[in-house]
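Enquirer: In UniProt numbering, the protein residues as written are 1 to 104. Note that beta-carbon positions come from the ideal geometry of N, C-alpha and C, so glycine has one too. If you're wondering where the values come from, they're calculated on a predicted model, not measured in any experiment. Sending over a structure as structure tokens; questions will come in a sec.
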């Protein structure tokens with residue numbers, strides 16, 4: 001297994017996967033190309049319209065989940081994730097599998 005991307009304390013992304021896929025701590029979720037495209041659409045929208053953050057990708061409360069503000073840290077996470085998720089769209093999903101997992 002190869003680690004594609006790593007996010008530390010990006011609680012909004014954690015919340016996205018919990019709310020949309022009911023993923024539990026330490027579970028592994030296989031992500032489809034459709035999932036990637038939808039997430040990229042959200043992230044790209046936030047990149048250009050950060051005022052939509054609270055509606056489209058809200059922060060997620062939890063133990064040791066980092067900052068709950070929609071400021072620099074949040075925007076930096078969105079920037080990084082936008083690039084990573086954009087590139088993930090070009091993975092050959094017939095040959096490779098992409099998973100989301102977290103340990104909190």
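Taking the straight line between their C-alpha atoms, what separation do you get for residue 9 and residue 76?
Expert: 12 Å
Enquirer: Give every residue of the same chain whose Cβ lies closer than 8 Å to the Cβ of residue 2, excluding the five residues on either side of it in the sequence, and list them in chain order.
Expert: none
Enquirer: Does the stretch 49-61 come close enough to the stretch 87-102 to have 3 or more Cβ pairs within less than 8 Å?
Expert: no
Enquirer: Compute the distance between the beta-carbons of residue 14 and residue 89, then report whether it is under 8 Å.
Expert: no
Enquirer: What is the rounded straight-line gap between the Cα of residue 41 and the Cα of residue 20?
Expert: 15 Å
Enquirer: Under the DSSP definition of a beta bridge, which residues are partnered with residue 28?
Expert: 101
Enquirer: Over the uninterrupted alpha helix (DSSP H) stretch that includes residue 39, give me the two end residues.
Expert: Unbroken alpha helix (DSSP H) run through residue 39: 33-48.
Enquirer: Under a Cβ-count criterion, where at least 16 other Cβ atoms within 10 Å of its own Cβ denotes burial, should residue 32 be classed as buried or exposed?
Expert: The residue is exposed, with fewer than 16 neighbouring Cβ atoms inside 10 Å.
Enquirer: Where do the N-terminal and C-terminal ends of the alpha helix (DSSP H) with residue 122 fall, by residue?
Expert: In the structure as shown, the chain begins at 1 and stops at 104. Residue 122 is therefore absent and cannot be evaluated.
Enquirer: Only counting runs of 4 or more residues, tell me where the alpha helix (DSSP H) segments fall wholly within the stretch 51-97, in order along the chain.
Expert: 53-56, 72-88
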